[in-house]
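Start counting the sequence shown at 18; every next residue gets the next number (the working numbering).
Glycine included, each C-beta is placed from N, C-alpha and C at the ideal position.
The next block holds one structure in the form of structure tokens; read it before the comments.
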Amino acid sequence: MNDDWRSYPFQLVPGDGQLDFPAAEGEHPDQESDTWFIAGQLDAAESGRSFAFLTIFNKNRPGGTIVADFYTMALFDLDSGEYGTYTDYDMPPANMEPGAQRKLAMAPGYLEVSYHCSAGTASWTACRNGDGDLLPFTYRVSLVGEDHCGRSMRLDLAVTPTRAPTPVGASTYNGKIVCFGQSDTYSYFQTGMAMTGTLRWGDLVDEVSGSGGHVDRQWFPKYAGGGGSGGDPRARSHEWRTINFDNGVDLSIWRQFDRTNGNALQPFTGVTTSYPDPAMPPECAEDVEVVISSYVRWPETMRPLVRPLAPARYMPDRHRITCATLKLDLIGEPLVAAPAHGLPIEYMEGPYRYRGTLWGKPVTGFAFNERSLALYRDWELVEVLATTVANAEPPAPDVQTMVDQLVRLVAAGRRSEAVELLTGVRPGQKDTLATILDDLIAVLSVESANNS
Numbered sequence: 018m019n020d021d022w023r024s025y026p027f028q029l030v031p032g033d034g035q036l037d038f039p040a041a042e043g044e045h046p047d048q049e050s051d052t053w054f055i056a057g058q059l060d061a062a063e064s065g066r067s068f069a070f071l072t073i074f075n076k077n078r079p080g081g082t083i084v085a086d087f088y089t090m091a092l093f094d095l096d097s098g099e100y101g102t103y104t105d106y107d108m109p110p111a112n113m114e115p116g117a118q119r120k121l122a123m124a125p126g127y128l129e130v131s132y133h134c135s136a137g138t139a140s141w142t143a144c145r146n147g148d149g150d151l152l153p154f155t156y157r158v159s160l161v162g163e164d165h166c167g168r169s170m171r172l173d174l175a176v177t178p179t180r181a182p183t184p185v186g187a188s189t190y191n192g193k194i195v196c197f198g199q200s201d202t203y204s205y206f207q208t209g210m211a212m213t214g215t216l217r218w219g220d221l222v223d224e225v226s227g228s229g230g231h232v233d234r235q236w237f238p239k240y241a242g243g244g245g246s247g248g249d250p251r252a253r254s255h256e257w258r259t260i261n262f263d264n265g266v267d268l269s270i271w272r273q274f275d276r277t278n279g280n281a282l283q284p285f286t287g288v289t290t291s292y293p294d295p296a297m298p299p300e301c302a303e304d305v306e307v308v309i310s311s312y313v314r315w316p317e318t319m320r321p322l323v324r325p326l327a328p329a330r331y332m333p334d335r336h337r338i339t340c341a342t343l344k345l346d347l348i349g350e351p352l353v354a355a356p357a358h359g360l361p362i363e364y365m366e367g368p369y370r371y372r373g374t375l376w377g378k379p380v381t382g383f384a385f386n387e388r389s390l391a392l393y394r395d396w397e398l399v400e401v402l403a404t405t406v407a408n409a410e411p412p413a414p415d416v417q418t419m420v421d422q423l424v425r426l427v428a429a430g431r432r433s434e435a436v437e438l439l440t441g442v443r444p445g446q447k448d449t450l451a452t453i454l455d456d457l458i459a460v461l462s463v464e465s466a467n468n469s
């Protein structure tokens, strides 16, 4: 792709007006859901510290008339592993009262989105020159919040992507994919972020800059929280990560799951590449595989908006990604433990470090890893236990034998026997394995009682 994208108007996919810029950056009034996402890594030159951030501005209009919007901001300390998160909602019935003002403001035709909340006003706007004309792909981002520990957060950035937008699925899908069961979802991302500004977090104030990060956009015909699955926001789950490699290649990796059908993989599941050489067009590969090597328990202090289906829920954590087409083999490890956010359903997203090979050559990468696959059913917790035991150091062959027996009992519906087996092997100390066993015993006991 040449430098045509550096001026407006720009057609990302000729013939599809949905991906014409600058309109693609603005609100899509005919779509029930519109999502603006930006995240990045930031370094403070004076203190030598390293941070990351993310934000989500989400428009939701179920039925086209109900307002159900939210805004999220999070900061991550990459040195300490600490994070802070903030989410504010504009939801019924409060916003249906007479005189209620909408918190989210948007503009069709260009990027100008803001959200008014108790922490202040957050905004993400396109810059203009002295004549008032839009400066292509040049933004001002101002984010505000109060983290879950009560500390104020603020981030003010000047942002300029250095690469053209990339349609998810590249020329295979041209940015029009199936997402959360909706076949007419549009999605693109943009990387190579040049960012400078000021970060404030509690008593901390730092001048920051960075180049690793991405813009991500999706818009959906029906509301994203269940519009494609009969109204059930947990009927579909996903994993999504964007990786910025040290060789300049960026990957966007999607996996989607049908929770009503054994977590079967659903489209769109695949990898979209973005290359530093504008002469190399983006590519799509759909033979991506992910093997989870550990899970993390959802923190009970972070409550989603929609009532949880069970008290104990586990999310995928460490993992290995392979893709034969790209000769890709990566190990992903979190830089922040259990970065849960107060979104409508269980949603973890935080910074990751990847190491491995791409095209057979060594690479390292910084990424944001997002997942909503919250496991709570008995057979899912058996998988959590089996994965934990299989990756235990040192190996525990006696426990592995028990797990093999447990898998057979649960598959056969013999849950009371499974409870007896687990109760007999539960360790006395309260460690990760003991917590998983307790959670599994509780779920199996309820299922056994319901089926007796």
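Whose CA, out of 233, 314, 317, lies closest to the CA of residue 385? 233
Based on the DSSP output, what are the partners of residue 239 in its beta bridges? In the DSSP output, where bridge partners are listed per residue, residue 239 has none listed.
Identity of the residue in 126, 251, 90, 86 nearest residue 325 by Cα: 251
For residue 365, which three-state DSSP category applies? strand
Do the CB positions of residue 450 and residue 439 come within less than 8 Å of each other? With contacts defined as CB atoms closer than 8 Å, residue 450 and residue 439 fail to qualify as a contacting pair.
Beta-carbon proximity list for residue 383, same chain, < 6 Å, skipping 5 on both sides: 58, 229, 261
Within a Cβ cutoff of 7 Å, which residues of the same chain sit near residue 162, ignoring the five residues on either side of it in sequence? 90, 103, 136, 170
Member of 217, 38, 34, 33 whose CA lies at the smallest distance from the CA of residue 22: 38
Which residue from 286, 292, 285 puts its Cα closest to that of residue 488? Residue 488 cannot be examined here, being either before or after the span of the chain that is shown, 18 to 469.
Is DSSP giving residue 335 helix, strand or coil here? Coil, per DSSP.
Among the residues of its own chain, which have a CB less than 6 Å from the CB of residue 142, if the five just before and after it don't count? 129, 157
Sequence-distant residues of the same chain with beta carbon closer than 6 Å to residue 256, five excluded per side: 272, 388
Expected contact under 8 Å - CB spacing of residue 122 and residue 131 to nearest Å: 5 Å
Kindly indicate the opening and closing residues of the beta strand (DSSP E) around residue 345. Element bounds for residue 345: 345-351.
Rounded to a whole number of angstroms, what is the C-alpha to C-alpha distance between residue 66 and residue 94? Going by C-alpha positions, residue 66 is about 8 Å away from residue 94.
May I have the straight-line CA-CA distance separating residue 82 from residue 240, to the nearest angstrom? 11 Å
From residue 413 to residue 352, what does the alpha carbon distance come to, in whole angstroms? So the alpha carbons of these two residues sit roughly 27 Å apart.
Is the CB-CB distance between residue 285 and residue 246 below 8 Å? Going by C-beta atoms, residue 285 is not nearer than 8 Å to residue 246.
Given 8 Å as the limit, is there contact between the region 309-327 and the region 192-211, that is, 3 or more CB pairs closer than that? no
Could you give the DSSP three-state label for residue 34: helix, strand or coil? helix
Could you give the DSSP three-state label for residue 394: helix, strand or coil? In this structure, residue 394 counts as coil in the three-state DSSP scheme.
Does DSSP classify residue 190 as helix, strand or coil? helix
Span of the alpha helix (DSSP H) around residue 464: For residue 464, the uninterrupted alpha helix (DSSP H) segment begins and ends at 449-467.
Grouping DSSP H, G and I as helix and E and B as strand, with all else coil, what is residue 219? coil
Quick one: what's got a C-beta closer than 7 Å to residue 64's C-beta in the same chain, skipping five residues either side? 223
Measuring alpha carbon to alpha carbon, tell me which of 79, 302, 149, 331 ends up nearest residue 391. 331
Judging by CA-CA distance, which residue of 216, 150, 283 is the nearest neighbour of residue 194? Selected option, being the one with the closest Cα: 283.
Just the C-alpha distance for residue 378 and residue 372, rounded to the nearest angstrom, thanks. 11 Å
How far does the beta strand (DSSP E) with residue 259 in it reach, from first residue to last? 253-262
When you compare the CB positions of residue 154 and residue 183, do they come within less than 8 Å of one another, or not? no
Please report how far the alpha carbon of residue 48 lies from the alpha carbon of residue 236, in whole angstroms. 7 Å
Tell me the rounded alpha-carbon separation between residue 263 and residue 80. 44 Å
Residue 164, buried or exposed, once every other Cβ within 10 Å from all chains shown has been counted against 16: buried
Identify, in the order they occur along the chain, each residue of the same chain with its Cβ nearer than 7 Å to the Cβ of residue 134, setting aside the five sequence neighbours on each side. 88, 105, 120
Quick one, are the C-beta atoms of residue 92 and residue 68 less than 8 Å apart? yes
CB of residue 203 within 8 Å of CB of residue 35, strictly: A distance below 8 Å separates the beta carbons of residue 203 and residue 35.
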